[in-house]
Every structure is written in structure tokens, then in C-alpha cells.
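Visitor:
Residue numbers (this note's numbering): 131 to 596.
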């Protein structure tokens with residue numbers, strides 16, 4: 131997942147980190163080349179449709195970023211095999227424009243494009259786009275219509291509609307062009323689309339979210355579900371839930387891949403990787419640090435004291451956590467201590483390698499899926515989760531660019547290849563082939579069977595954002 135300023139809030143402050151959004155082309159070019167050389171399935175470009183000063187310390191990568199479909203187009207011109215995912219928010223995008231842009235990108239990239247479909251809204255984006263938001267309790271109904279219309283538009287032309295017969299002067303087979311005529315409760319579009327059918331038939335749809343509504347939507351519509359997962363057992367349960375929704379919609383359980391975000395911090399040795407994470411923690415403004423602006427409320431000792439149910443009134447940030455103090459932490463506090471130990475090799479009352487309140491606070495305030503280690507230990511983590519059926523794969527986030535991502539591609543990927551857990555090169559040409567997904571039939575030849583009632587079945591049970 132490409133985040134030019136890094137996925138960890140203090141990542142941009144790290145020595146050697148990219149930190150100027152005006153130069154994103156340089157780091158994007160390098161990241162795309164590294165990802166393709168490693169044989170990764172895709173490069174994922176997220177979206178956020180508003181900005182504000184509150185993002186400076188919370189999620190700096192959201193402050194200013196290039197448009198995802200523009201990034202896809204740029205990356206398509208400098209790569210040949212890797213897939214490219216551009217995020218579209220159904221709440222602020224029309225299906226015709228989306229279908230046209232993505233079909234065009236898929237043609238120009240020889241079948242390497244996917245959509246990251248967001249189903250959300252916020253007041254900043256509402257104001258920026260000047261639209262009345264879809265009611266929160268009906269956003270996913272709208273998104274279902276959006277997807278159905280999108281696929282119908284992609285299928286406007288048969289694959290063989292352009293006959294280009296020079297001898298007769300016939301360019302097209304008229305029966306190979308289909309009107310969309312989609313008329314739903316939210317989406318109304320006539321079609322047909324003035325772009326050829328994408329090489330993949332339908333560019334894959336990736337949906338991110340962990341709410342009940344998101345999992346239902348993913349099971350019914352997505353090719354890939356991207357879900358934050360805390361433990362393998364949670365992943366197994368989520369996979370089962372998505373499969374149930376897929377089966378209810380007339381799909382096969384294996385039609386939807388499940389992937390989870392992960393932020394690997396890897397180096398040649400475990401102590402070196404610990405040092406990288408320690409530095410990220412040191413650079414993260416917390417407590418009374420002078421950050422030149424308001425910090426998120428979670429980055430205070432007061433917040434930490436509340437969530438671990440332990441008074442911290444006389445505690446200093448860099449003070450070691452004693453065994454006596456740790457014994458008073460509640461269950462969540464014990465989980466934080468375990469995470470700090472796993473990510474830093476630190477323990478209670480061990481001199482220079484003692485767990486400090488700063489480490490505990492940072493781990494609470496930045497709930498990122500961080501894993502720290504050398505190539506072998508990170509590969510072990512990947513293997514364990516896949517073997518337990520928790521996920522089909524991972525979407526890698528880099529705390530900053532370019533060094534940590536380069537280390538991942540140069541250390542972890544070769545280790546996975548050596549173990550026979552990852553391919554040594556691309557075996558297919560399209561993103562669907564990379565993911566092991568079949569090519570869909572044209573919906574105008576094999577129509578969608580969902581009625582409006584089937585499309586919205588169950589959505590009255592869930593309300594909220596993804």
C-alpha cells in the first residue's frame with residue numbers, strides 16, 4: 131500500500147525518509163520498480179477526499195497526496211507486470227466516469243488495474259464535492275447498485291465486437307454493443323460505455339473494512355476483502371463470515387480472497403530492526419512534546435491511564451515500567467506490554483532495554499499492524515497466518531519510504547521464495563491471473579440474477595460506515 135509520507139505517523143522524520151509531497155513521483159517510481167522486481171501482486175493507492183491541520187500528527191500521509199487513478203496511470207507507464215489498484219469512493223463518484231476511467235486504464239496497462247472501492251463519507255468530502263451524502267444506513271445499498279452498474283458498463287462491448295473487416299468495411303458487430311439501462315433507487319445510467327471491454331473483463335474490486343456491513347458487502351461483491359485482523363483466530367472467523375455472505379449471494383466461498391494490512395519493519399538482524407522501531411517511537415510526538423500543533427488525544431499519559439486503568443500522575447514518559455506498576459495494568463495494558471516486548475525486545479526493568487511508558491503510549495496511540503524482526507521471523511509470521519487459514523495474503527504498509535520497503539523486498543520476499551511460499555516471478559499477465567481469479571463472462575450474455583430485493587437483502591440489519 132503506497133503512502134508516500136509513510137504509514138507510521140513519525141515515519142517522515144526518520145533519516146533518509148521521503149518527506150516532500152511535491153516529489154512523490156520520485157519515490158513512487160522507485161517503489162513501483164522495487165515492488166515489480168519482487169513479483170508482488172499489486173501496488174495499492176488509497177484515497178482521502180479532504181484535508182486539514184488535524185492530520186499533521188495523526189495521519190500525515192493524508193495531508194496532500196496525488197489522485198489514485200492518476201498514480202495508477204503514472205505507474206502503468208513505468209511498469210510491465212505488477213497490478214495497480216486505484217481507490218474510488220462510491221459516495222463521490224459516478225459509475226459511468228468510473229467505468230470509463232478504469233476500463234481505459236485496464237486497456238492501456240494490458241489488464242493490470244483494480245478498484246479499491248470505498249463506501250464511506252465525511253463532512254469535509256461532502257463540502258468539497260457539494261453533494262448531499264447518501265444516508266448512512268443506505269450507503270451499502272447505494273454501493274451495491276454502483277457495482278452492478280459498473281460491471282454492466284464494463285460489459286457494454288462484447289470481447290469480439292470490433293471485427294475490423296477491411297474487405298467489407300464493417301468495423302463492429304452491432305449485436306456486440308449493449309445498453310446498460312440501469313435504473314436503481316440510487317444509480318441511474320443509460321450506457322453503453324464508449325470504451326472497449328477491459329482485458330480482464332471486470333477489473334478486480336477490493337473492498338476494505340471490518341464492520342458487519344463491510345464484510346457483508348465484500349462477500350457479495352468484492353474479489354478481495356482487505357480487513358484489519360488482530361489474530362489468526364479472528365481471521366478464520368472473518369473468512370467464515372465473508373464466505374457465508376458470498377454463498378448467500380450465489381457466489382462460491384473461494385470467489386473472495388481475504389488479505390490483511392501489515393507493517394513489517396525488517397533488517398539483517400533482529401536488534402537492527404528493533405532499533406528502527408525504537409527510533410520511530412522516539413520521533414513520535416506524545417504527551418507534552420512540542421509538536422507545533424495539537425496532538426491526537428490518544429497520545430497523552432492521561433489517555434493511557436484511562437485505557438489501562440492505572441493512575442500515571444507522577445510518571446515520566448521515558449521512565450521504565452516496573453514490575454510492580456505493570457502488575458496493576460488491566461488486560462489491555464498487559465496486551466500493550468506484550469506488543470512492546472515483541473516489537474522492541476525490551477522487557478520490564480532491564481536497564482537500557484527496559485520498556486518505557488513512551489513505548490507503551492506509542493503502541494496504544496498508533497494501532498498499526500507492526501511486526502518487527504529479521505527475514506526469517508517475518509516470513510514465519512506470514513506462513514503461520516496463511517497455514518492457519520486466517521488470510522490468503524497481506525497488504526504491506528511501509529512505515530516510511532523508501533528504505534523499509536526496499537528491505538522487505540530484498541530480505542523477506544527472497545526468504546518466502548526459498549521456502550516455496552511465494553513465486554519467483556510473474557506467471558500471468560493480468561492482475562486477475564496474479565490473484566488466481568477467473569475472467570468474468572459478459573453480464574449481458576450471462577446476466578446478473580440478483581433482483582433489487584436480493585441485492586439489498588439483509589442490509590436493514592446493519593448500519594454504519596466501513
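Every residue gets a Cβ at the ideal spot worked out from N, C-alpha and C, and that includes glycine. The structure presented is a predicted model; accordingly, all values stated were derived computationally and were not measured.
Just curious, the alpha helix (DSSP H) that residue 258 is in, first and last residue?
Guide: Sequence index remark: in the chain shown, residue 258 carries index 128 (1-based). Run containing residue 258: 253-259, per the alpha helix (DSSP H) assignment.
Visitor: Taking the beta strand (DSSP E) that residue 295 falls in, what are its first and last residues?
Guide: In the chain shown, residue 295 corresponds to position 165, counting from 1. Where residue 295 is concerned, the enclosing beta strand (DSSP E) stretches over 292-295.
Visitor: When you compare each of 270, 261 and 231 to residue 325 by their alpha carbons, which one comes out closest?
Guide: Here the question's residue 325 lines up with position 195 in the chain shown. The shortest C-alpha separation from residue 325 is found at 231.
Visitor: Quick one: measure Cβ to Cβ for residue 416 and residue 478, integer angstroms, because I've assumed they're closer than 8 Å.
Guide: Within the chain shown, residue 416 is the residue found at index 286, counting from 1. Within the chain shown, residue 478 is the residue found at index 348, counting from 1. Wrong, their Cβ atoms sit about 20 Å apart, outside the cutoff.
Visitor: Leaving out five residues before and five after residue 466 in sequence, what residues of the same chain have Cβ atoms less than 6 Å from its Cβ?
Guide: Taking the first residue of the chain shown as 1, we reach residue 466 at position 336. Here the set comprises 490, 493 and 494.
Visitor: Identify whether residue 175 lies in helix, strand or coil by the three-state DSSP scheme.
Guide: Counted from its first residue, the chain shown places residue 175 at position 45. If DSSP states are grouped into helix, strand and coil, residue 175 belongs with the strands.
Visitor: CA-CA distance, residue 394 and residue 282?
Guide: Here the question's residue 394 lines up with position 264 in the chain shown. Here the question's residue 282 lines up with position 152 in the chain shown. Distance between the alpha carbons of residue 394 and residue 282 is about 39 Å.
Visitor: Can you tell me whether residue 132 is helix, strand or coil according to DSSP?
Guide: By 1-based counting over the chain shown, the position of residue 132 is 2. Shown here, residue 132 sits in a strand according to DSSP, grouped into three states.
Visitor: Tell me which same chain residues have a C-beta within less than 8 Å of the C-beta of residue 243, skipping the five on either side of it?
Guide: Start at 1 with the first residue of the chain shown, and residue 243 comes out as number 113. Cβ neighbours of residue 243 beyond the five flanking positions: 202, 206, 213, 214, 215, 216, 232, 235, 236, 328, 330, 333 and 561.
Visitor: Could you give the first and the last residue of the continuous beta strand (DSSP E) run that contains residue 552?
Guide: Mapped onto the chain shown, residue 552 falls at position 422. No beta strand (DSSP E) holds residue 552; DSSP gives it neither H nor E.
Visitor: Mind checking residue 420: buried by the 16 CB within 10 Å criterion, or exposed?
Guide: As a first step, residue 420 must be located in the chain shown, where it is residue number 290. Because the pLDDT at residue 420 is just 48, under 50, the model does not fix this residue reliably, and the point stays unresolved.
Visitor: Looking only at its chain, what residues have a beta carbon closer than 6 Å to the beta carbon of residue 353, apart from the 5 residues adjacent to it on each side?
Guide: Start at 1 with the first residue of the chain shown, and residue 353 comes out as number 223. Cβ-Cβ distances below 6 Å link residue 353 to 334, 335 and 567 in the same chain, with the five nearest sequence neighbours on each side left out; the list follows chain order.
Visitor: Leaving out five residues on either side along the sequence, give the residues of the same chain with a beta carbon under 7 Å from the beta carbon of residue 294.
Guide: Start at 1 with the first residue of the chain shown, and residue 294 comes out as number 164. Once the five neighbours on either side are set aside, the close Cβ partners of residue 294 are 301.
Visitor: Taking residue 310 as the reference, which of 398, 259 and 287 has the closest Cα?
Guide: Walking along the chain shown from the start, residue 310 turns up at place 180. Residue 287 is the option with its Cα nearest to residue 310.
Visitor: In whole angstroms, give me the CA-to-CA distance for residue 509 and residue 200.
Guide: Taking the chain shown and counting its residues from 1, the one referred to as residue 509 is at position 379. Taking the chain shown and counting its residues from 1, the one referred to as residue 200 is at position 70. Residue 509 and residue 200: Cα-Cα distance of roughly 33 Å.
Visitor: Taking just the CA atoms, how far does residue 449 sit from residue 159?
Guide: In the chain shown, the residue the question calls residue 159 occupies position 29. In the chain shown, the residue the question calls residue 449 occupies position 319. For residue 159 and residue 449, the distance between alpha carbons rounds to 42 Å.
Visitor: Let's test the definition: count the other Cβ atoms within 10 Å of the Cβ of residue 223 and tell me whether it reaches 16, buried, or not, exposed.
Guide: For the purposes of this step, residue 223 is taken as residue 93 along the chain shown, with counting starting at 1. By the neighbour-count rule (16 or more Cβ atoms within 10 Å), residue 223 is buried.
Visitor: Under three-state DSSP, which class holds residue 219?
Guide: Mapped onto the chain shown, residue 219 falls at position 89. Correct three-state label for residue 219: strand.
Visitor: Less than 8 Å separating the beta-carbons of residue 182 and residue 254?
Guide: As a first step, residue 182 must be located in the chain shown, where it is residue number 52. As a first step, residue 254 must be located in the chain shown, where it is residue number 124. Going by C-beta atoms, residue 182 is nearer than 8 Å to residue 254.
Visitor: Give the straight-line distance between the Cα atoms of residue 364 and residue 345, rounded to the nearest whole angstrom.
Guide: The residue given as residue 364 occupies position 234 in the chain shown. The residue given as residue 345 occupies position 215 in the chain shown. Using only the alpha carbons, I get a separation of about 13 Å.
Visitor: Our contact map puts residue 137 next to residue 403 with C-beta atoms below 8 Å; I'd like the distance itself, whole angstroms only.
Guide: Position 7 of the chain shown, counting from 1, holds the residue named residue 137. Position 273 of the chain shown, counting from 1, holds the residue named residue 403. About 16 Å; that fails the 8 Å criterion.
Visitor: Mind the definition here: the stretch 171-191 touches the stretch 260-271 only if three or more C-beta pairs lie below 8 Å; say whether that holds.
Guide: no
Visitor: Do you know how far the Cα of residue 472 is from the Cα of residue 269?
Guide: Mapped onto the chain shown, residue 269 falls at position 139. Mapped onto the chain shown, residue 472 falls at position 342. Straight-line Cα distance between these residues: approximately 39 Å.
Visitor: What is the DSSP secondary structure of residue 156, reduced to helix, strand or coil?
Guide: To locate residue 156, count along the chain shown from 1; it is residue 26. Looking at residue 156 - three-state DSSP - the assignment turns out to be helix.
Visitor: Going by Cα to Cα distance, which pick from 307, 228 and 257 is closest to residue 248?
Guide: Here residue 248 refers to the residue found at position 118 when the chain shown is read from its first residue. The shortest Cα separation from residue 248 among 307, 228 and 257 belongs to 228.
Visitor: I'd like to know whether the C-beta atoms of residue 175 and residue 390 end up nearer to each other than 8 Å.
Guide: Here the question's residue 175 lines up with position 45 in the chain shown. Here the question's residue 390 lines up with position 260 in the chain shown. Going by C-beta atoms, residue 175 is not nearer than 8 Å to residue 390.
Visitor: Does residue 555 pass the burial test, meaning 16 or more other C-beta atoms within 10 Å, or should it be called exposed?
Guide: Mapped onto the chain shown, residue 555 falls at position 425. Its Cβ having fewer than 16 others within 10 Å, residue 555 is exposed.
Visitor: Run through DSSP, which three-state label would residue 263 get?
Guide: On the chain shown, position 133 is the one that residue 263 refers to. It is coil, neither helix nor strand.
Visitor: Determine the DSSP secondary structure at residue 559, reduced to helix, strand or coil.
Guide: Position 429 of the chain shown, counted from the first residue, corresponds to residue 559. If DSSP states are grouped into helix, strand and coil, residue 559 belongs with coil.
Visitor: Does DSSP put residue 313 in a helix, in a strand, or in coil?
Guide: The residue given as residue 313 occupies position 183 in the chain shown. Correct three-state label for residue 313: strand.
Visitor: Going by DSSP, which residues form a beta bridge with residue 335?
Guide: Counted from its first residue, the chain shown places residue 335 at position 205. In DSSP, residue 335 forms a bridge with 245.
Visitor: DSSP has residue 318 in a bridge; who is on the other side?
Guide: As a working mapping, residue 318 is identified with position 188 in the chain shown. 313, per the DSSP bridge assignment.
Visitor: Please work out which residues of its chain come closer than 7 Å, Cβ to Cβ, to residue 573, disregarding the five sequence neighbours upstream and downstream, and give them in chain order.
Guide: The sequence position of residue 573 within the chain shown is 443, counting from 1. So the qualifying residues of the chain are 281, 282 and 285.
Visitor: Helix or strand or just coil, what does DSSP make of residue 442?
Guide: In the chain shown, counting from the first residue as 1, residue 442 sits at position 312. DSSP places residue 442 in coil when its eight states are reduced to three.
Visitor: Do residue 488 and residue 425 have their C-beta atoms within less than 8 Å of each other?
Guide: Within the chain shown, residue 488 is the residue found at index 358, counting from 1. Within the chain shown, residue 425 is the residue found at index 295, counting from 1. No, the Cβ-Cβ distance between residue 488 and residue 425 is not below 8 Å.
Visitor: Buried or exposed for residue 506, please, with buried defined as at least 16 other CB atoms from any protein chain shown within 10 angstroms of its CB.
Guide: For the purposes of this step, residue 506 is taken as residue 376 along the chain shown, with counting starting at 1. Residue 506 comes out exposed.
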